[in-house]
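Notes for the one structure printed next.
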DNA sequence: TGCCCTTCTGGTCAGAACGACACTAAGATG
DNA sequence: CATCTTAGTGTCGTTCTGACCAGAAGGGCA
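Chains as they are written, first to last, in our numbering: chain A, 54 to 292; chain B, 54 to 292.
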């Protein structure tokens, strides 16, 4: 760790008293069943604060921006340091800079990320907990607002991009993909219509393999690498 | 002016040498005819730099974030200070933070704005010039990239929101509204189909007045205030 | 073995949305 | 008054979408 992490933000004596500091935080979404074998739910990892502003409360993973790293790199680094997670999808969400959002002036560049089931580090690091987004505790700073906004973006973006694949493994059935959509959008989708839509979109490549369960086996699909998860316009590399 | 503006960013002695500083810039779009009576073009105001990094080059209007103001307030303030413009629509675009985007470490929170024809300050302040987005000179820092991204967002957003109204006056004909869309999207739209779409969207209120020209008078419409220009989700107030 | 249950998968059908285009309305111009 | 140009309406065929039906293909169980 090259710099103090966000949790140690009590007395920034090393920095000029009147300076604005830049922090980077990330909202990480993963789908996991509420109980074993149950339906999926949108969950995210939070970090318990051990220092003064909002000590003991849960907060988004993050840390201070190092002067020698880009914003995206800072998001990846602080994510790894606090939670051990390396996400499959990472995108800038918004810059939060209300004057009163922290006792000292902090501008937070917030990213949001998606991870696949196999990327979930269950009992990775101390002070990390996974929460159902529908049952969040009161978070530190303005982090509840931030999560709300990230959720809104996730639900929006799932409708016009292919980011749902960022929440799945390499091979999956259409039923599995459909459940991802259903979980995010919180409503049932017709299996036949869903199939038609996603097949016509050209983002899926059928394989010869099948997932055998207790009923008719379902064909496994792969994600078409030629199609970007989301159209990010002229921003090919994150800044 | 309470702080040095971005143009005076040569030697920030007052700030710790290793600190990251936060700047705020804005891409302001307005539609104006290339020549009198001609078709509209997307244009934006730029400020000529008078200090060292990229002295003499054109740059986006902006300035340093004051420690006592929110990001949106800083955007409005620096906009007014450098160009005298108070936009009708202002939204955060992206935070740019590549390490090498400036000789000293600067994170720029970039906003984008729309202004109506009557809000254009033609010969307002020295060192301000208006440029056609299709004919931009090489800009300071990474500002060309930033403009490209802002244009991409503008063209995207005009398709699924009502921000086009941010570029028009209070009352307008459907032909005028259509020309706004045509200019932004750079393609012709069928007048009949355009009318049907926009009338069914419920965002327009017909008035009793008409715009009389050299042909059949066209009905004037007002913008329905009940409908937001763009759905910004949980972010009702800019941070 | 044979029946049933569930899910997978392909198909139909009606309504909405959309693009192309023909046509009427209304004022300006000469 | 004839004509020109733009404003505004209607129509038609294609595509997209949601609701629903039906056959296919396995496992579970009597």
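Backbone N, C-alpha and C fix where the C-beta goes; we use that ideal spot for every residue, glycine too.
Within 9 Å (strictly less), CB to CB, does residue i reach chain A?
{"i": "residue 158/B", "result": "yes"}
{"i": "residue 121/B", "result": "yes"}
{"i": "residue 147/B", "result": "yes"}
{"i": "residue 198/B", "result": "yes"}
{"i": "residue 253/B", "result": "no"}
{"i": "residue 237/B", "result": "no"}
{"i": "residue 166/B", "result": "no"}
Residues of chain A with a CB under 8 Å from the CB of residue i: which are they?
{"i": "residue 205/B", "result": "286, 287"}
{"i": "residue 216/B", "result": "Residues of chain A passing the Cβ test: none, with the nearest at roughly 16 Å."}
With DSSP collapsed to three states, give me the class of residue i.
{"i": "residue 172/B", "result": "helix"}
{"i": "residue 178/A", "result": "coil"}
{"i": "residue 138/A", "result": "coil"}
{"i": "residue 113/B", "result": "coil"}
{"i": "residue 132/A", "result": "helix"}
{"i": "residue 283/A", "result": "coil"}
{"i": "residue 127/A", "result": "helix"}
{"i": "residue 153/B", "result": "helix"}
{"i": "residue 121/B", "result": "coil"}
{"i": "residue 108/B", "result": "coil"}
{"i": "residue 145/B", "result": "strand"}
{"i": "residue 102/B", "result": "coil"}
{"i": "residue 275/A", "result": "strand"}
{"i": "residue 269/A", "result": "coil"}
Could you work out which residues of chain B lie near residue i, taking near to mean beta carbons separated by less than 7 Å?
{"i": "residue 201/A", "result": "287"}
{"i": "residue 152/A", "result": "121, 122, 123"}
From the beta carbon of residue i, is the nearest beta carbon of chain B less than 9 Å away?
{"i": "residue 73/A", "result": "yes"}
{"i": "residue 246/A", "result": "no"}
{"i": "residue 209/A", "result": "yes"}
{"i": "residue 68/A", "result": "Unreliable placement is indicated for residue 68/A, whose pLDDT of 49 sits below 50; no coordinate value is reported for it."}
Could you work out which residues of chain B lie near residue i, taking near to mean beta carbons separated by less than 8 Å?
{"i": "residue 118/A", "result": "73, 150, 160"}
Can residue i be considered in contact with the ligand PLP, in the sense that its beta carbon sits closer than 8 Å to one or more heavy atoms?
{"i": "residue 86/A", "result": "You won't find the ligand PLP in this model; it holds no ligand whatsoever."}
Under 8 Å, with one C-beta from each stretch per pair, do the stretch 178-188 of chain B and the stretch 92-102 of chain B reach the 3-pair mark?
yes
Taking three-plus beta-carbon pairs below 8 Å as touching, is the stretch 155-170 of chain A in contact with the stretch 220-234 of chain A?
yes
Answer yes if the stretch 117-131 of chain A comes into contact with the stretch 207-216 of chain A, meaning at least three C-beta pairs across the two stretches below 8 Å, and no otherwise.
no
What residue ranges within the stretch 169-243 of chain B form continuous alpha helix (DSSP H) runs of no fewer than 4 residues, ordered along the chain?
196-213, 227-238
Using a Cβ distance threshold of 8 Å, determine whether the stretch 122-133 of chain B contacts the stretch 264-273 of chain B, with at least three qualifying pairs required.
Touching, no, given that fewer than three Cβ pairs across the two stretches are closer than 8 Å.
Assess contact between the stretch 69-83 of chain B and the stretch 137-156 of chain B, defined as three or more Cβ pairs (one per stretch) separated by less than 8 Å. Is contact present?
yes
Contact between the stretch 279-287 of chain A and the stretch 187-206 of chain B (3+ Cβ pairs under 8 Å)
yes
Whole beta strand (DSSP E) runs in the stretch 71-98 of chain B with 3 or more residues, listed along the chain?
74-86
Could you say if the stretch 245-252 of chain A and the stretch 224-233 of chain A meet the contact criterion of at least three C-beta pairs nearer than 8 Å?
yes
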